[in-house]
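Single-structure report; data block below.
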Amino acid sequence: MGAQSLVVACGALALCLALAGASNPGFVVRITQAGLDYAHQQGIAILEKELAQMRLPDISGDSRIRHVGKVHYEISSLDLQSFTLPYSRISLAPNVGLQVSISNAFAEVDGDWRVKLLFIRDHGSFNLNVENVYLKINLKLGSDASGKPTVDTSSCSVRISKVRVHFSGKFGWLYNLFYNVVESRFRNILESKVCETVASSVHNELQPYLRTLPVTARIDAKAGIDYSLVAPPTATAQSLDVGLKGEFFSMVHRSAVPFTPLLLALPPDHDRMVYFGASSFFFNTAGFAYHTAGALVFEITDSMIPEGIDFRLNTTVFSAFVPQLEKMYPNMPMKVRLSSSSAPSLNIRPGGLLLQPVVDVQAYAILPDSRLAPLFLLSLTGNVSAVIDVKSGHIVGKLNMGRLRLSLKHSDVGTFQVRTLQSIMNIFASSILLPHLNGRLEQGFPLPLPDRIQLSNILVQFHQNFLLLGADVRYQPQVRI
Numbered sequence: 002m003g004a005q006s007l008v009v010a011c012g013a014l015a016l017c018l019a020l021a022g023a024s025n026p027g028f029v030v031r032i033t034q035a036g037l038d039y040a041h042q043q044g045i046a047i048l049e050k051e052l053a054q055m056r057l058p059d060i061s062g063d064s065r066i067r068h069v070g071k072v073h074y075e076i077s078s079l080d081l082q083s084f085t086l087p088y089s090r091i092s093l094a095p096n097v098g099l100q101v102s103i104s105n106a107f108a109e110v111d112g113d114w115r116v117k118l119l120f121i122r123d124h125g126s127f128n129l130n131v132e133n134v135y136l137k138i139n140l141k142l143g144s145d146a147s148g149k150p151t152v153d154t155s156s157c158s159v160r161i162s163k164v165r166v167h168f169s170g171k172f173g174w175l176y177n178l179f180y181n182v183v184e185s186r187f188r189n190i191l192e193s194k195v196c197e198t199v200a201s202s203v204h205n206e207l208q209p210y211l212r213t214l215p216v217t218a219r220i221d222a223k224a225g226i227d228y229s230l231v232a233p234p235t236a237t238a239q240s241l242d243v244g245l246k247g248e249f250f251s252m253v254h255r256s257a258v259p260f261t262p263l264l265l266a267l268p269p270d271h272d273r274m275v276y277f278g279a280s281s282f283f284f285n286t287a288g289f290a291y292h293t294a295g296a297l298v299f300e301i302t303d304s305m306i307p308e309g310i311d312f313r314l315n316t317t318v319f320s321a322f323v324p325q326l327e328k329m330y331p332n333m334p335m336k337v338r339l340s341s342s343s344a345p346s347l348n349i350r351p352g353g354l355l356l357q358p359v360v361d362v363q364a365y366a367i368l369p370d371s372r373l374a375p376l377f378l379l380s381l382t383g384n385v386s387a388v389i390d391v392k393s394g395h396i397v398g399k400l401n402m403g404r405l406r407l408s409l410k411h412s413d414v415g416t417f418q419v420r421t422l423q424s425i426m427n428i429f430a431s432s433i434l435l436p437h438l439n440g441r442l443e444q445g446f447p448l449p450l451p452d453r454i455q456l457s458n459i460l461v462q463f464h465q466n467f468l469l470l471g472a473d474v475r476y477q478p479q480v481r482i
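Structure representation (structure tokens):
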């Protein structure tokens, strides 16, 4: 194999490995032009303050003027009074990132001057007006090794159309002789300093803020969410899309998820500032994580039965449905243990969100010495639907349970009619289990939001294999005391 063929083969192998390592995101964040415009307003306000605080260096030099001689000048104590950015816009730059354009900006500078020409010496103050300043800034978006977003200034250009300097002093004709030299130096210094300030503002203000985006969100002692970026943000002509891993994981023992996310294609909606696409993969990893952590086990005892329900969890009551209990375990308290042999699987369709859990229901008699005697094992299946909303930056939900179906898997107390237990299982599910689950879902799961962002005007839509959440955003500045 020749050298050229070897290079081609190595390149093809690298491409195959890269594609093999790539994966679809389980969660997608889309920022629309409206969202970028809002973020741009906040950013421009910060940049305007940064520019107004620029420190300008002293200027000095010699200018040789025909028929007059050498003029030595010094410009010092430069004080930038203001730097105003009245017109600006942000636009999407496909395959690049974002572009910020600023036009008709203006600034005002005060300072002191000193000049020497032969025997003439003079000094005083000056006022400089910079007008028609045009800036073009390209922002490159990426991600680091930890999956956090990054931003950098890939290019910055400044053009100043007009600089007007007014010197106060006795020898007006003298200032006019070196006016053009001073104006040119001012222009060059300002153009350089503006881009330095822009780069510094992006590095010191925007980049740290983006890093407040949580790539790992702890939910509770059992599970967390991995929101790390799977690839750099993608700018298209319509929006900025950020693909996140979107995977729940067990805090007890993290293991590989045995399924992969499907391609998630969000609809071309742009009514909200931001959209969140949560795939069925995202929700199913929650079930896998909690199952792996051993959290999908629920035990019911008599003390948990709500007041007002004329039912007790003991063998005396259950003997009406399982006659053998009265003889084998007379008048003993019982415990019911609900568990799932596998992680629950959730389906998202345009009609809503549907869960079809398969739960093992093991009943025990609690013996006088507190040991547990197994009675029977049931399989419980049913349809569970969910209502989804967003509150305080969290996805919250509420489950509604449909008809339950029971079957007997094993009995230690002889045969009995399983269907007679249907009403009891409905009590367990609707009065005990469902309130417990809904109480947890009411706390919700955090959305991937940077600091001090609040959501409003919430939109919830169900699509095939993913949930779409839309919202407008509001930034709450940090209050400094």
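When we follow this note's numbering, the leftmost residue of the sequence shown carries the number 2, and every step to the right adds one.
Virtual Cβ for every residue (Gly too), placed ideally from N, Cα, C.
Candidates the options, of which the one nearest residue i by Cα
i	options	result
Pro331	Leu356, Val360, Ile367, Leu355	Ile367
Glu300	Arg338, Leu326, Leu314, Pro334	Arg338
Ser78	Ser202, Leu52, Trp114	Trp114
Asn139	Ser169, Ile103, Val164, Leu119	Ile103
Ser386	Val298, Asp370, Leu355, Phe28	Leu355
Ala238	Ser169, Gln477, Ile32	Ile32
Lys194	Ile454, Phe84, Leu314, Arg420	Phe84
Leu405	Arg420, His204, His411	Arg420
Ala294	Leu265, Ala344, Asp272, Phe322	Ala344
Leu230	Met305, Ser320, Thr151	Thr151
Val166	Ser126, Ser202, Pro269	Ser126
Gly244	Thr213, Gly278, Pro269, Lys223	Gly278
Glu49	Val183, Val203, Val164, Asp59	Val203
Phe463	Glu197, Gly471, Ser457	Gly471
Gly225	Phe289, Ser457, Leu373	Phe289
Val474	Arg186, Pro451, Val159	Pro451
Asn427	Leu191, Asn384, Phe467, Ile389	Asn384
Asn128	Glu184, Leu136, Gln42	Glu184
Gln418	Pro436, Leu379, Leu468	Leu379
Gln100	Ala106, Pro87, Pro58, Ser155	Ser155
Ile220	Ser408, Asp80, Glu248	Glu248
Backbone secondary structure at residue i - three-state DSSP
i	result
Pro369	coil
Arg219	strand
Ile45	helix
Gly309	coil
Gln477	coil
Gln465	coil
Ala287	helix
Phe256	The sequence given here has Ser at residue 256, not Phe. In the structure shown, Ser256 sits in coil (DSSP, three-state: anything other than H, G, I, E or B).
Asn205	helix
Leu211	helix
Pro436	helix
Phe277	strand
Asn401	strand
His271	coil
Ser193	helix
Leu450	coil
Cys17	Caution applies to Cys17, whose pLDDT of 37 falls short of 50 and renders its modelled position unreliable; the model cannot decide the point.
Ala236	strand
Phe299	strand
Val183	helix
Leu57	coil
Leu52	helix
Val30	strand
Val72	strand
Thr261	coil
Ala23	Note that Ala23 scores a pLDDT of 46, beneath 50, so its modelled location is shaky and nothing firm can be said.
Thr85	strand
Gly415	coil
Cβ separation of residue i and residue j, assumed to be a contact under 8 Å, to the nearest whole Å
i	j	result
Val414	Met329	6 Å
Gly44	Met274	The pair is not a contact, with the Cβ atoms about 15 Å apart (cut-off 8 Å).
Ala108	Val134	7 Å
Phe282	Gly27	4 Å
Asn439	Leu381	Their Cβ separation, rounded to whole angstroms, is 18 Å, which puts Asn439 and Leu381 out of contact at 8 Å.
Leu142	Pro233	6 Å
Tyr365	Lys392	In fact, because the Cβ distance is near 39 Å, the residues do not count as touching under 8 Å.
His73	Val30	Incorrect: roughly 59 Å between the Cβ atoms, too far for contact.
Ile161	Glu192	6 Å
Ile409	Phe446	The identity of residue 409 in the sequence shown is Leu, whereas the question assumes Ile. Incorrect: roughly 36 Å between the Cβ atoms, too far for contact.
Met305	Ile433	6 Å
Ser280	Pro262	5 Å
Strand pairing of residue i, partner residues [DSSP]
i	result
Gln455	Arg475
Phe249	Ile226
Asp80	Asp111
Val243	Val30
At 3 residues or longer, and completely inside the region 315 to 394: list those beta strand (DSSP E) runs for me, N to C.
-> Listed in chain order, the complete beta strand (DSSP E) runs (minimum 3 residues) inside the region 315 to 394 are 335 to 340, 347 to 350, 353 to 356, 359 to 367, 373 to 392.
Which runs of the beta strand (DSSP E), 3 residues or longer, sit entirely within the region 88 to 175?
-> Taking 3 residues as the shortest admissible run, the region 88 to 175 contains the following complete beta strand (DSSP E) segments, listed from N- to C-terminal end: 88 to 94, 98 to 118, 121 to 144, 150 to 168.
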